[in-house]
Each structure stands twice: as C-alpha cells, then as structure tokens.
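Heads up: the protein sequence lines correspond to chains A and B, in order.
In terms of this note's numbering, the first sequence opens at residue 1 and continues consecutively.
In terms of this note's numbering, the second sequence opens at residue 1 and continues consecutively.
No residue lacks a Cβ here, since even glycine has one placed at the ideal position from N, Cα and C.
What follows is a single structure, written as structure tokens, with notes after it.
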Amino acid sequence: DVKVTQSSRYLVKRTGEKVFLECVQDMDHENMFWYRQDPGLGLRLIYFSYDVKMKEKGDIPEGYSVSREKKERFSLILESASTNQTSMYLCASTSAQETQYFGPGTRLLVL
Amino acid sequence: GDSVTQMEGPVTLSEEAFLTINCTYTATGYPSLFWYVQYPGEGLQLLLKATKADDKGSNKGFEATYRKETTSFHLEKGSVQVSDSAVYFCALSPNTGRRALTFGSGTRLQVQP
Numbered sequence: 001d002v003k004v005t006q007s008s009r010y011l012v013k014r015t016g017e018k019v020f021l022e023c024v025q026d027m028d029h030e031n032m033f034w035y036r037q038d039p040g041l042g043l044r045l046i047y048f049s050y051d052v053k054m055k056e057k058g059d060i061p062e063g064y065s066v067s068r069e070k071k072e073r074f075s076l077i078l079e080s081a082s083t084n085q086t087s088m089y090l091c092a093s094t095s096a097q098e099t100q101y102f103g104p105g106t107r108l109l110v111l
Numbered sequence: 001g002d003s004v005t006q007m008e009g010p011v012t013l014s015e016e017a018f019l020t021i022n023c024t025y026t027a028t029g030y031p032s033l034f035w036y037v038q039y040p041g042e043g044l045q046l047l048l049k050a051t052k053a054d055d056k057g058s059n060k061g062f063e064a065t066y067r068k069e070t071t072s073f074h075l076e077k078g079s080v081q082v083s084d085s086a087v088y089f090c091a092l093s094p095n096t097g098r099r100a101l102t103f104g105s106g107t108r109l110q111v112q113p
C-alpha cells in the first residue's frame, strides 16, 4: 500500500520562528511536491522536486524554501514564519505519468 | 497558463439524489484530468481520472467523461450517500514538462439523510 507521511498533523508556531515540515514517501517516486490549501483557493503549488537535490519554484514560493537530500524525503522550510503562512500544507509524490499520492496534511497556525 | 474552474459550493443534497459537480479547464495540449476527494480531517485521495479525450473515469459510483470539445470533466453520481459528504477537487496535469497538478477551488458536498 502506497504511503506518504508528514511529520506533524498540527503545528503552532510564533511569528519569526523557523519551521520545518517534513514529508516521506515509500514508493521510490522521483517527483515530490508541496502545496498549500486555503479555503476558496484550492491547492496552490509552492515548490516541487524531480530528483534528489533538484528543486523548482511553483506558483507561490515566496517565504518558503525546500530541501531534498534523499529521494524519499522532501522538506519544506519557512525561514521566518508569518501569520499569512497559516494554512494547511500538503505533500504529494508521483512517478512520471502516475497518479499523485498525498499525505494527510499539516495544519500550521502561526501566531 | 493552465487553470481549472469548478462550481462553487456548498452543494447540499438529500440521500439518493443525483449529483453533478461542474468542472471546466483551460490548458495547452492534452492534459490528464482528475477528481480528488478530501474527507474531513484527511488528505486528498484520487477518486478517478481520464488521460485522453472521450475517456470515462469511474470509481465508487462516480463518473466523469473527458470532453475536449467543451473542455469539461463534470463529476456525476446517480445516488449519493451521507458518506459521500466531502470536498471534491477537479485537477489537471500536463502531459509534458512540469507534472504538478493545477487544482480548482474545491466544491463541498453535504448529503443529508
């Protein structure tokens, strides 16, 4: 059974803190993605990676960075969290033309 | 750029009613089309997909047909159940270049007993 896991389901952080969200997949997929989900806006792509150490900006990369040191792990970093980064964050992975598989999401609250 | 437009919700139906959630898209080339479902407190799960024109995706009683002439991929179910209450997302993926999905804004479905 395919599996994408995210390090936390809920996080509460303070403005200015550095925040790490981690995602691990066990399907040997090349491509991994980070989206954020906000009511009325659907899911928007933050960053994606198509190979180890490779990354590309998505549609809303400002305020975020990513790291992919191993094929199975893709980390999203908020260098200095702000209140407008309060959101649900979803990780996904896929291989070539296959379906994207999503993790359960991390709900982040920045105070 | 690519975009997906789906009907706004919430959609409220009685059990056993017929469901249609409209989805239209704008894309270059020939994208693959998807419907994902998100149950309360969970991540997204693939419901069905279609990869070329006139393909019909189906799963759990839901269906959608890839209509290139109308650039649409409407989701239908003949008889909804309370357990179908969720948020439904239409999405597309280009078949070349970036593989990321472009999502619609989501439609919340509430089915009442």
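Looking at the backbone, the Cα of Glu-76 (chain B) and that of Arg-67 (chain B) are separated by about 14 Å.
Val-66 (chain A) is bridged by DSSP to A:Leu-76. Looking at the DSSP output, Glu-56 (chain A) bridges to A:Phe-48.
Between the alpha carbons of Leu-47 (chain B) and Ala-81 (chain A) lies a gap of roughly 34 Å. The beta carbon of Ser-79 (chain B) does not come within 8 Å of any beta carbon belonging to chain A, so the residue lies off that interface. Note: Lys-77 (chain B) is bridge-paired with B:Leu-19, B:Phe-62 in the DSSP secondary-structure output. The beta carbon of Thr-102 (chain B) lies closer than 6 Å to those of Asp-2, Val-4, Leu-92 in the same chain, with the five residues before and after it left out. Here Phe-33 (chain A) is not near Phe-20 (chain A), since their CB atoms are 8 Å or more apart. In this structure, the CA atom of Gly-43 (chain B) is about 7 Å from the CA atom of Leu-90 (chain A). Taking every protein chain shown into account, the CB of Tyr-88 (chain B) has 16 or more other CB atoms within 10 angstroms, so this residue is buried. Per DSSP, the beta bridge partners of Gln-38 (chain B) are B:Leu-44, B:Val-87. Between Gln-100 (chain A) and chain B, the shortest Cβ-Cβ separation is below 8 Å. Within its own chain, the residues whose Cβ lies closer than 7 Å to the Cβ of Ser-87 (chain A), once the five positions on either side in sequence are excluded, are Arg-36, Gln-37, Asp-38, Leu-108, listed in chain order.
In this structure, the straight-line span from the alpha carbon of Asn-22 (chain B) to that of Thr-65 (chain B) is close to 11 Å. Among the residues of chain A, none has a CB under 9 Å from the CB of Phe-62 (chain B); the nearest is roughly 15 Å distant. Taking the Cβ atoms as the reference, Leu-41 (chain A) lies roughly 6 Å from Ser-105 (chain B), within the contact range of under 8 Å. Of all residues in the region 61-77 of chain A, none has a C-beta nearer than 7 Å to a C-beta of chain B. The alpha-carbon of Thr-71 (chain B) is positioned some 10 Å away from that of Pro-31 (chain B).
Here Val-52 (chain A) has Arg-68, Glu-69, Lys-70, Lys-71 as same chain residues with Cβ atoms under 8 Å from its own Cβ, once five neighbours each way along the sequence are excluded. According to the DSSP secondary-structure assignment, Arg-108 (chain B) is paired through a beta bridge with B:Val-87.
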